[in-house]
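S.K.:
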Amino acid sequence: MLLDELSELRAGQVSQKTIEDLTRALRELDGSGPIEAASTLKTLAQTRFAGAAAALLVRWAPKVKTEADVLALIGHFHRLALVSGVLSAFRRGADRLPRGGG
Amino acid sequence: MSDVEVDAELEAVLRRWSERGRTVFAELMEDATSALQRELVQRAVLAGHSPGEVHAFADELRGLSDDECFEACTVESGTAGATVALLLKAEADPLYAFQLKGGALTPNEHDDAPSMAMKILKENARAADAELVQRAKPRKAFAADSGAFRALPPRPVTGSRSSLQPVATRLFEELLTEATRPLGVSWREHELDTPDLSIEQGLQQAASSIGRGVPVPAVLGNAQGKPLAFVVMLQTSSAGATRAFQLFEHGTRELVWANERDLIARGELPFENKALRRLLRIALPRG
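Line by line, the protein sequences give chains B and E.
Residue numbers for the first sequence follow my numbering, beginning at 1 and rising by one.
Residue numbers for the second sequence follow my numbering, beginning at 103 and rising by one.
1) Check distances from the C-beta atoms of the stretch 277 to 307 of chain E to those of chain B and list, in chain order, the residues that come in under 8 Å.
2) Compare the beta carbon distance of residue 388 of chain E and residue 295 of chain E with 9 Å and say whether it is the shorter of the two.
3) Report the residue from E:343, E:169, E:146 whose alpha carbon sits nearest the alpha carbon of residue 158 of chain E.
4) For residue 191 of chain E, would you say it is in contact with chain B, using Cβ-to-Cβ distances shorter than 9 Å as the test?
5) Do the stretch 86 to 93 of chain B and the stretch 273 to 289 of chain E make contact, defined as three or more Cβ pairs closer than 8 Å?
6) Please classify residue 17 of chain B: is it buried, with 16 or more other beta-carbons within 10 angstroms of its beta-carbon, or exposed?
7) Have a look at residue 122 of chain E and residue 141 of chain E and give me their C-alpha separation to the nearest angstrom.
8) Find the residues of chain B that neighbour residue 316 of chain E, judging by a C-beta separation of less than 8 Å, and give them in chain order.
9) Would you identify the three-state DSSP class for residue 119 of chain E, choosing helix, strand or coil?
10) According to DSSP, what are the bridge partners of residue 352 of chain E?
11) Using a C-beta cutoff of 9 Å, does residue 103 of chain B count as contacting chain E?
12) Three-state secondary structure (DSSP) at residue 379 of chain E?
13) Buried or exposed, going by whether 16 or more other CB atoms sit within 10 Å of the CB of residue 144 of chain E?
14) With C-beta atoms as the reference, is residue 23 of chain B less than 9 Å away from residue 371 of chain E?
15) Output yes if chain E places a C-beta closer than 9 Å to the C-beta of residue 67 of chain B; else output no.
16) How should residue 19 of chain B be labelled, buried or exposed, when 16 other C-beta atoms within 10 angstroms of its C-beta is the threshold for buried?
17) Measure the CB-CB distance between residue 163 of chain E and residue 290 of chain E and report whether it falls below 9 Å.
18) Within this structure, are the beta carbons of residue 362 of chain E and residue 383 of chain E separated by less than 9 Å?
19) Determine contact between the stretch 190 to 206 of chain E and the stretch 165 to 181 of chain E, defined as no fewer than three beta-carbon pairs at a distance below 8 Å.
20) Quick one, which residues of the stretch 325 to 340 of chain E are near chain B if we go by CB-CB under 8 Å, in chain order?
21) Just how far apart, CA to CA, sit residue 318 of chain E and residue 311 of chain E?
22) Pop quiz: residue 394 of chain E and residue 378 of chain E are said to be a contact at Cβ under 8 Å. What is the actual Cβ separation, rounded to whole angstroms?
23) What is the DSSP secondary structure of residue 332 of chain E, counted as helix, strand or coil?
24) May I ask which residues mark the beginning and end of the alpha helix (DSSP H) holding residue 134 of chain E?
25) Just the Cα atoms here: how many angstroms apart are residue 171 of chain E and residue 138 of chain E?
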């Protein structure tokens with residue numbers, strides 16, 4: 001699922017900086033209840049993020065039903081941002097491997 | 103001691119440091135996230151600062167980008183109150199420049215008490231600014247990643263070999279750290295299948311990192327140890343005593359589950375490219 005979401009974000013030309021901003025915004029949900037968190041996700045999708053990033057938030061909002069879900073969501077987006085960063089590092093380092101890294 | 107590359111001038115200064123100080127320096131060279139940071143730390147050593155001061159300086163630089171490092175350690179010639187002597191001293195001593203720009207350092211005195219030779223060096227360094235002007239020599243520019251750095255004659259980053267061990271090639275550590283620094287994650291690259299770290303030990307640490315929510319970048323190679331592909335280890339899955347790692351290969355975008363036993367045994371992995379069978383390096387999050 002994480003890789004599919006990353007593919008969507010890349011296809012929607014969402015920059016790494018936007019993904020990082022998304023992660024930071026979601027980190028602020030720490031301590032929030034599920035109803036508040038879901039509402040915040042929708043608000044972020046409407047006011048602060050657009051395109052594929054907003055679509056992702058809207059998709060996640062109804063899935064946040066418990067406080068554990070809130071924490072899991074924060075962790076998921078942190079992982080997503082990390083993987084995105086790692087893959088961008090791989091792209092930059094591709095010429096360090098034979099034939100561009102295969 | 104970790105692997106570092108130094109040149110003769112730097113080595114001469116380091117020889118006057120204690121064993122502990124030299125160990126600290128080697129660790130700082132490994133931990134530096136860019137060539138510019140390494141250069142600035144080395145110049146601080148050459149300027150006569152103690153291991154504790156150099157350590158504190160390196161710690162401040164590590165979280166900065168190259169542009170930020172350059173900005174923090176450069177005193178512009180138009181700066182109010184900047185005399186020629188001050189500018190020359192700041193040019194030669196990035197730690198001094200850092201403090202002039204408002205940077206605060208808290209040297210760890212436990213790193214090392216300066217040796218007698220170092221104390222003498224420091225006393226000389228505190229001499230009147232005129233002495234520095236007298237000692238100033240024509241300097242060549244150092245082409246840092248983000249601007250010229252006019253100070254000591256340039257010393258290549260991969261300098262001449264010294265009695266200290268050479269730096270092991272790092273394939274992707276600084277790229278990863280640069281990419282994930284905004285997320286508060288920096289990396290340390292480890293070579294696997296060595297006396298220091300077996301594949302099994304590396305996988306154990308990787309599993310621990312993944313369990314804490316941090317994926318693990320890695321390099322796969324062929325049986326002879328030639329690096330061929332970047333992969334990221336995303337998940338683990340255990341069934342009884344058996345554990346598997348989910349690997350995403352960056353080049354072909356393949357996503358596979360590889361049995362830990364096969365990874366340890368350098369056996370065939372479920373990638374299209376059957377040459378990918380040996381886990382050569384991993385990067386683990388620091389801290």
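Virtual Cβ for every residue (Gly too), placed ideally from N, Cα, C.
M.R.: On the basis of the data shown:
1) 277, 278, 280, 281, 282, 284, 285, 287
2) With contacts defined by Cβ atoms closer than 9 Å, residue 388 of chain E and residue 295 of chain E do not form a contacting pair.
3) E:146
4) Answer no: the Cβ-Cβ gap between residue 191 of chain E and chain B never drops below 9 Å.
5) The stretch 86 to 93 of chain B vs the stretch 273 to 289 of chain E: in contact.
6) exposed
7) When rounded, the distance between both Cα atoms is 21 Å.
8) 79, 82
9) coil
10) Answer is none; residue 352 of chain E lacks a bridge partner.
11) Absent from the structure is residue 103 of chain B, since the part of chain B shown begins at 1 and ends at 102.
12) coil
13) Only buried fits residue 144 of chain E, as 16 or more other CB atoms lie within 10 angstroms of its CB.
14) no
15) no
16) buried
17) no
18) no
19) yes
20) 328, 329, 330, 331, 332, 334, 336
21) 7 Å
22) With chain E running from 103 to 389 in the structure shown, residue 394 of chain E is simply not present.
23) strand
24) Segment: none, residue 134 of chain E is in no alpha helix (DSSP H) and carries neither H nor E.
25) 8 Å
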